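Input: a single structure, listed below in structure tokens.
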Amino acid sequence: MSPAAGAVRGGTAAGGTSGFGWPTVVRAVLVWLVLCIILFTATRTAIATMRFADPDDALRLLEVRDLLGGQNWFDVHQYRVAAPEGVPMHWSRLVDIPIAGLILLLRPLVGAAGAETVALVAVPLLTLLCALLLIARLAVRLFDQEVAGIACLVGAIASPVLFQFMPMRIDHHGWQIVLALLAFNGLTARDALRGGTVIGLALAAQLAISIEGLPVAALFLGVCALRGLRNPGERHAWLAHAATALALGSIALFLGTRGLLDPVNHCDAISPVHVAVFAWGAIGANALRLAAPRALAVQIGALAVIGAGALSLLLLVAPQCGTGAFAEMDPVVRKYWYSAVKEGLPVWNMPPLNAVTMIFTPLFGLLATAWYWRRASSAPERLLWLDLLLILLGAYGVGLLVARASGTACVFAAVPLTALVRDGITALRTRGMSARIAGYAVAAVVLLPALPVFLWNARGPARHDAPPTAFHVTRCQYAQAARALDRLPPTDLFAPLDIGPNLLVYSHHRVIATGHHRGSAAMRDVIDAFIGTPEQAHAIVRRRHATMVVLCPDINEPQYYADAAPDGLAARLLKGKPPAWLQPIDPAPGSHLRFWRVVD
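With the first letter of the sequence shown counted as 1, position 273 gets the number 908 in the numbering used here; the numbers rise by one all the way through.
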């Protein structure tokens, strides 16, 4: 049986297996165990010292602690940021559930600290297992078990994917990849009811976690609509079931995680207006299915009305959301913070080692998918490959523009890419030695496109100016500093945005702002103070009632401020020339952080 025929016909996969059974699960689990050993070994120092790869991971743990400490389920304010009002977060409680659940389960056995450590390691690794099982399932639906095991490895080792599943990486990006994979699997379902429901529910959960998934959701709904246009007998069942599941799932998740305490139409999270848009789409799709017009022009017109109605509803009810989730961001915050968040920039702003994988792994996957589309032996098989090709093409475009989204395109590409390389290696067995060696080299580059860049960088002695690894970006020891700071009564610390979450998670003190856009006013104050004159900074610090200024000198943010304002506060502090209203102190010797007490 040719590739994808099993998924199209509802039969067995190409290799003659019976689908997603225990042999496939075992292959995925074996790959997972190998990756667990590698990842645990690579991050053991970070685990032992509880050093986070990203400030968002630290703040996520703090959010879970607040929840377990009695904060209302529907209240996701961070009250130790910009106190006393706090900052309302746009994050979803869905991501908190596995972390909090594991901590609750283990706390009686190993204590609070031990339970947190286990959760910080186990949750991302278990999320990785979910991703591998979904890759394996897709592989056996389209090909066979041999492809499944290798595809799991190929999908996982892509740098934008692997980083999201490392121990200590408890933020939501790993779950976004898993849910996108679940929707991708839904396209291969044997019937529209099952497949559409899986797609819709997966998209509802993904959007509840992060509204950044909207472009991917639009891709899937577009392909579902395309299936209805090219198969009139299907009566747009795929779109109707997917849209219905998306709407009902979004309603349930909104009520279950947001509640009715915050009915405001936010642009950065699923809000009532988005739920209304999804409901409109579901009503329109089901009306189209019931009407079942035969004329293609009428169907296209009906779909256009559904889409235009959804867009009009969004713009009429929440016009501020028409230009994106961050349209109303303060221009200074946008310039000095948002534009400097590399993971949100296009891939050509990334380091070469990462950019190569982000660009070429999905590209090679696209070429492989196009290959199987052209070689499909039946019309249903060809159409399935076309659907997968369109989804991968759209995900690739999104990933090129937003680097952190490239992981989704990489996992979508893993199965066809692996299968094509496997087929190529099989064909090489009848060729001469030189042809085989060349073919194996090409296969290695296709599966590991960053390998040439890595080898080029490793050709000489280690560079002292090379970018550090994720868990060793600074010599600053936040936990050590916090132990010393906790001997002091809780106070407000004036610190750069990126170190705020670490100061919060390790100590009982408060900070003025963190790098989270809903606290834009406080973020603006922090930025203005560090790029402002000592007099301007003094006024801001006093207005914010901060009693201490804290700086980590070897992270990018203070230097960024110093470069922007050579005579500003950050530049003076880095040079060791504080203004008269700041007194240098060292409450935590050896922590590498610098402290100044506000004395006036």
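Positions of the beta carbon are idealized from the N, C-alpha and C atoms, including for glycine. Source: prediction; values computed, not measured.
Residues that residue i bridges to, as DSSP identifies them
| i | result |
| --- | --- |
| residue 712 | 723 |
| residue 700 | DSSP lists no partner for residue 700. |
Span of the beta strand (DSSP E), counted from its first residue to its last, around residue i
| i | result |
| --- | --- |
| residue 1183 | 1183–1186 |
Under the three-state DSSP convention, the category residue i falls into
| i | result |
| --- | --- |
| residue 1219 | strand |
| residue 1225 | coil |
| residue 576 | For residue 576 there is no data in the structure shown, the boundaries of the chain being 636 and 1235. |
| residue 1128 | strand |
| residue 851 | helix |
| residue 1071 | helix |
| residue 1039 | helix |
| residue 899 | coil |
| residue 1146 | strand |
| residue 866 | coil |
| residue 636 | In this predicted model, residue 636 has a pLDDT of only 39, less than 50, meaning its place in the structure is not dependable; the value taken from the coordinates is given anyway. Here residue 636 sits in coil by DSSP. |
| residue 822 | coil |
| residue 945 | helix |
| residue 875 | helix |
| residue 959 | coil |
| residue 1097 | Its pLDDT being 41, under 50, residue 1097 is placed unreliably by the model, and nothing is read from it. |
| residue 1180 | coil |
| residue 655 | coil |
| residue 1158 | helix |
| residue 1017 | helix |
| residue 1168 | coil |
| residue 954 | helix |
| residue 1163 | helix |
| residue 884 | helix |
| residue 974 | helix |
| residue 676 | helix |
| residue 1051 | helix |
| residue 780 | helix |
| residue 934 | helix |
| residue 717 | coil |
| residue 1151 | coil |
| residue 1062 | helix |
| residue 645 | Unreliable placement is indicated for residue 645, whose pLDDT of 38 sits below 50; the coordinate value is still reported in the next sentence. Three-state DSSP puts residue 645 in coil, outside helix and strand. |
| residue 707 | coil |
| residue 1203 | coil |
| residue 786 | helix |
| residue 695 | helix |
| residue 894 | coil |
| residue 929 | coil |
Limits of the alpha helix (DSSP H) - the one that residue i falls within
| i | result |
| --- | --- |
| residue 1233 | Run containing residue 1233: none in the alpha helix (DSSP H); it sits in the beta strand (DSSP E), 1229–1233. |
| residue 1120 | 1113–1120 |
| residue 685 | Neither: residue 685 is in no alpha helix (DSSP H) and is coded neither H nor E. |
| residue 1210 | First-last for residue 1210: undefined, no H or E at that position. |
| residue 1191 | 1191–1199 |
| residue 732 | 728–777 |
| residue 925 | 907–926 |
| residue 995 | 987–1009 |
| residue 793 | From DSSP, residue 793 is part of no alpha helix (DSSP H); its letter is neither H nor E. |
| residue 1135 | 1135–1141 |
| residue 805 | From DSSP, residue 805 is part of no alpha helix (DSSP H); its letter is neither H nor E. |
| residue 1110 | No alpha helix (DSSP H) holds residue 1110; DSSP gives it neither H nor E. |
| residue 971 | 966–971 |
| residue 829 | 827–844 |
Whole-number beta carbon distance between residue j and residue i, since they are thought to touch under 8 Å
| i | j | result |
| --- | --- | --- |
| residue 981 | residue 1045 | About 16 Å; that fails the 8 Å criterion. |
| residue 762 | residue 800 | 6 Å |
| residue 1133 | residue 690 | 5 Å |
| residue 1185 | residue 1138 | 7 Å |
| residue 855 | residue 882 | Wrong, their Cβ atoms sit about 14 Å apart, outside the cutoff. |
| residue 784 | residue 666 | 6 Å |
Three Cβ pairs or more, each shorter than 8 Å: is that satisfied between the segment 817–837 and the segment 792–805? no
If contact is defined by three or more beta carbon pairs under 8 Å, each pair taking one atom from either stretch, is the segment 1149–1163 in contact with the segment 713–729? yes
Between the segment 1106–1124 and the segment 1013–1029, do at least 3 Cβ pairs fall closer than 8 Å? no
Count the CB pairs spanning the segment 1023–1034 and the segment 970–980 that are closer than 8 Å, and state whether there are at least three. no
Touch test, the segment 1127–1146 against the segment 915–935, Cβ-Cβ under 8 Å, three pairs minimum: no
Contact between the segment 997–1016 and the segment 1046–1058 is defined here as three or more beta-carbon pairs at a separation below 8 Å; is this criterion met? yes
Are there three or more Cβ pairs, one per stretch, closer than 8 Å when the segment 689–706 is compared with the segment 660–674? no
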